[in-house]
Amino acid sequence: MNVLSALLLLVHLIPVSAARNGVTSKNRKRIMPDPVTEPPVMDPIYEALLYCNIPRVAERSMEGHAPHHFKLVSVHVFIRHGDRYPLYVIPKTKRPEIDCTLVANRKPYHPKLEAFVSHMSKGSGASFESPLHSLPLYPSHQLCEMGELTQTGVVQHLQNGQLLRDIYLKKHKLLPSDWSTKQLHLETTGKSRTLQSGLALLYGFLPDFDWKKVYFRHQPSALFCSGNCYCPLRNQYLEKEQRRQYLLRLKNRQLERTYEEMARIVDTPTKQLRAANPIDAMLCLFCHNVSFPCTRNGCVNMEHFKVIKRHQIEDESERREKKLYLGYALLGAHPILNQTVGRMRRAAEGRKEELFALSSAHDVTLAPILSALGLTEARFPRFAARLIFELWQDREKPGEHSVRILYDGVDVTFHTSFCQDHHKRSPKPMCPLENFVRFVKRDMFVALGSGSTNYYDACHREGS
Ligand SMILES: *[C@@H]1O[C@H](CO)[C@@H](O)[C@H](O)[C@H]1NC(C)=O
Ligand SMILES: *[C@@H]1O[C@H](CO)[C@@H](O)[C@H](O)[C@H]1NC(C)=O
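All the letters of the sequence shown, read from the start, carry residue numbers -18 to -1, 1 to 446 under mature numbering (1 follows the signal peptide of the UniProt record, and there is no 0).
Structure below.
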């Protein structure tokens, strides 16, 4: 990145640092491009800003980087939806006044924003898998509905789409000029924010967004486990993980005091306030530079925010150490990774279908995939996070296929458990497809340590 774009990046991030909420200039100075592959630091403001992922001028990206004798075969994209309105309200406070209409004179803005709105409003007859066809195609409420995608969220994904288009379509010619529905595999959960995020990304990505060629499938489960969702051991791991979370929270006296103080301010029992998950609403206010709520008893403030956010970071760090989440993640991510492997193998065999796959999903989709892949240092998925698998063919050895894995534009291929340090032994800067296949078909289960070698067995083992 050059100095100018680094500077623009800084300048652009500073105003976002929630001036109203009293962020000090000391904190502002520390904003740097995000080290996705480095573990989170104990600075709650810094982490929260990365999480907001406010669109900036310069986006660093390593997608599509390969030696010239490699040909791009297929691309598999998993996204988290963009910035959204909270899912919960802080009890007894006014709902944050955030506008979810899409307008040109509000920041952040993308040059394709108006065209996106106009194109989406013509798509009312779009045919999607039920029940997706009943969802609105773009956000439009003057006072956002709960969980609604915001303009920031739309812009984040228009930007993702444009970036991927420049790399995959313009540079690597992933799709033939006469591409059809068959070349795309599109799926989303049944929330308007995921469908709309997927549409915004595609609108930025496709050279001609033809409604007749865009078909979204519906995934009822956030794990995208269609047909293979029943897995009792996965649920056991999840219960143990939730127990761990609960015990860690009990140990944190400062957190408890903070909840008590906030509960007093909003005049609600502490338990009820905690159950309302106030950090979700506070993060939204923080990302949108809106002040935290006040009542006649006082104001919720930045110190409260920092304590809860710091606890979140601690929780994630303990989660990594305790490995209960890893057990959940390996079983939870298997079906979706297995599907991806299936698509990659078919593409490697020369089939010209599903060259571009897009799964529009949630943090609870991406987080287990990241863990399962062994990306222990990866940050929790921010708004509009993207995780991409690229399949490449070596033109000099057409029988050999390789994968690259990118998280928010950073090449994490050699941080995965199945390709760690591979580049130090091989002259090729990529991971052999076989490594990934072996991992998904077998080694994922070996990593569970239960002696199982397939998904069904691993899911039905007695306790562990
Ligand atoms: C954030 O809010 C403060 C106080 O209202 C305002 O001065 C500042 O310009 C706002 N920043 C942005 C980026 O909107
Ligand atoms: C994995 O994918 C194969 C096809 O590629 C399929 O037959 C099998 O049922 C899938 N298994 C699971 C557990 O998803």
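The beta carbon of each residue, even a glycine, is placed where N, CA and C say it ideally should be.
- Short of 6 Å from the beta carbon of alanine 311, and not among the five residues preceding or following it, lie these beta carbons of its own chain, in chain order: Pro350, Ser353 and Ala354.
- Between the beta-carbon of leucine 230 and that of glutamate 300 there is about 6 Å, and that keeps the pair under the 8 Å contact cut.
- In the three-state reduction of the DSSP assignment, aspartate 425 falls in the helix class.
- The three-state secondary structure of threonine 277, taken from DSSP, is strand.
- With contact defined as three or more Cβ pairs closer than 8 Å, the region 186 to 193 and the region 404 to 417 are not in contact.
- In terms of CA proximity to serine 109, Thr163 leads the group Val272, Gln133 and Thr163.
- Bounds of any alpha helix (DSSP H) do not take in glutamine 402, whose DSSP letter is neither H nor E.
- Here the distance from the Cβ of asparagine 87 to the nearest heavy atom of ligand 1 is not below 7 Å.
- Look at isoleucine 36 here: in three-state DSSP terms it is coil, with no helix or strand label.
- The beta carbon of proline 113 lies closer than 8 Å to those of Gly172 and His200 in the same chain, with the five residues before and after it left out.
- Contact holds between the region 364 to 377 and the region 46 to 59, because three or more Cβ pairs, one in each stretch, are under 8 Å apart.
- Rounded to the nearest whole angstrom, the CA to CA distance from lysine 410 to tyrosine 389 is 20 Å.
- Sixteen is the threshold: since fewer than 16 other Cβ atoms of the shown chains lie within 10 Å of the Cβ of glutamate 221, the residue is exposed.
- Under DSSP, no beta-bridge partner is assigned to arginine 246.
- The way I'd put it, the region 397 to 411 doesn't touch the region 59 to 74; fewer than three beta-carbon pairs between them come closer than 8 Å.
- Partner residues in the beta bridge of histidine 200, as assigned by DSSP, are Thr170.
- Not one heavy atom of ligand 1 is found less than 7 Å from the C-beta of asparagine 279.
- Considered as a whole, the region 273 to 325 harbours 284 to 304 as its complete alpha helix (DSSP H) runs of no fewer than 4 residues, in chain order.
- For alanine 343, the enclosing beta strand (DSSP E) stretches over residues 338 to 343.
- Distances between the C-beta of proline 317 and the heavy atoms of ligand 2 include at least one below 7 Å.
- Residue environment for methionine 426: buried (at least 16 other C-beta atoms within 10 angstroms of its C-beta).
- Short of 8 Å from the beta carbon of arginine 325, and not among the five residues preceding or following it, lie these beta carbons of its own chain, in chain order: Ser56, His58, His167, Glu336 and Ala339.
- Sixteen is the threshold: when 16 or more other Cβ atoms of the shown chains lie within 10 Å of the Cβ of glutamate 45, as they do, the residue is buried.
- Selection Phe362, Gly381 and Glu298 evaluated against glutamate 331 yields Gly381 as nearest (Cα-Cα).
- Here the distance from the Cβ of tyrosine 437 to the nearest heavy atom of ligand 2 is below 7 Å.
- Judged by DSSP secondary structure, arginine 66 falls outside any alpha helix (DSSP H); it is assigned neither H nor E.
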